[in-house]
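Using the numbering used here, read the sequence shown as starting at 1151 and increasing by one per residue.
Shown next, in structure tokens, is the structure this report addresses.
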Amino acid sequence: AHTRLQAIINLLCSCLRHSSLPRSRVAGIVLVTRLAALCDDEVRLQRVVPYVVTLLQDSDARVRAAALRATTELLAQVASFPPSDAAMFPRYIL
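Written out as structure tokens, the structure is:
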């Protein structure tokens, strides 16, 4: 089941990269975030968070706001934080 969810999340992220409508990107962020709640921490940290963080640079303020809400929600769901993922967060902050 997790493999299927991961495939759906990957497909959604790929489709949303090419979406020209801000409301589609916002809806996609919400959907990806909800699906990520059903996945393990590795999928959240290594696949979903990096994608959502890129949307913090979007040209539309609604998309940036949705991405910020999603990032905080995703990180709040993380139960265990592997040391191998610790290096990725300073890059996001800078």
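Backbone N, C-alpha and C fix where the C-beta goes; we use that ideal spot for every residue, glycine too.
Within its own chain, the residues whose Cβ lies closer than 7 Å to the Cβ of Ala1186, once the five positions on either side in sequence are excluded, are Ile1159, Val1193, Arg1194, Val1198, Leu1224, listed in chain order.
Under the three-state reduction of DSSP, Cys1165 is assigned to helix.
Exclusion of the five residues before and after Val1182 leaves Ile1159, Leu1162, Cys1163, Leu1166, Val1198, Tyr1201, Val1202, Ala1220 as the residues of its chain whose Cβ lies within less than 8 Å of its Cβ. One Cα belongs to Gly1178, the other to Ala1217, and the distance between them is close to 10 Å. Taking C-beta atoms under 8 Å as the contact rule, Leu1205 and Arg1212 fail to qualify, at a distance of about 11 Å. Looking at Ser1234, Pro1172, Val1228, the one whose alpha-carbon comes closest to that of Leu1188 is Val1228. In this structure, Ser1234 lies away from Asp1191, with their beta-carbon atoms at least 8 Å apart. With a beta-carbon spacing of about 19 Å, Asp1208 and Arg1184 fall beyond the 8 Å limit used to define contacts.
Per DSSP, Ala1229 lies in no alpha helix (DSSP H) segment and is marked neither H nor E. Excluding the 5 residues flanking it on each side, Leu1155 has same chain C-beta neighbours closer than 7 Å at Leu1185, Leu1188, Cys1189, in chain order.
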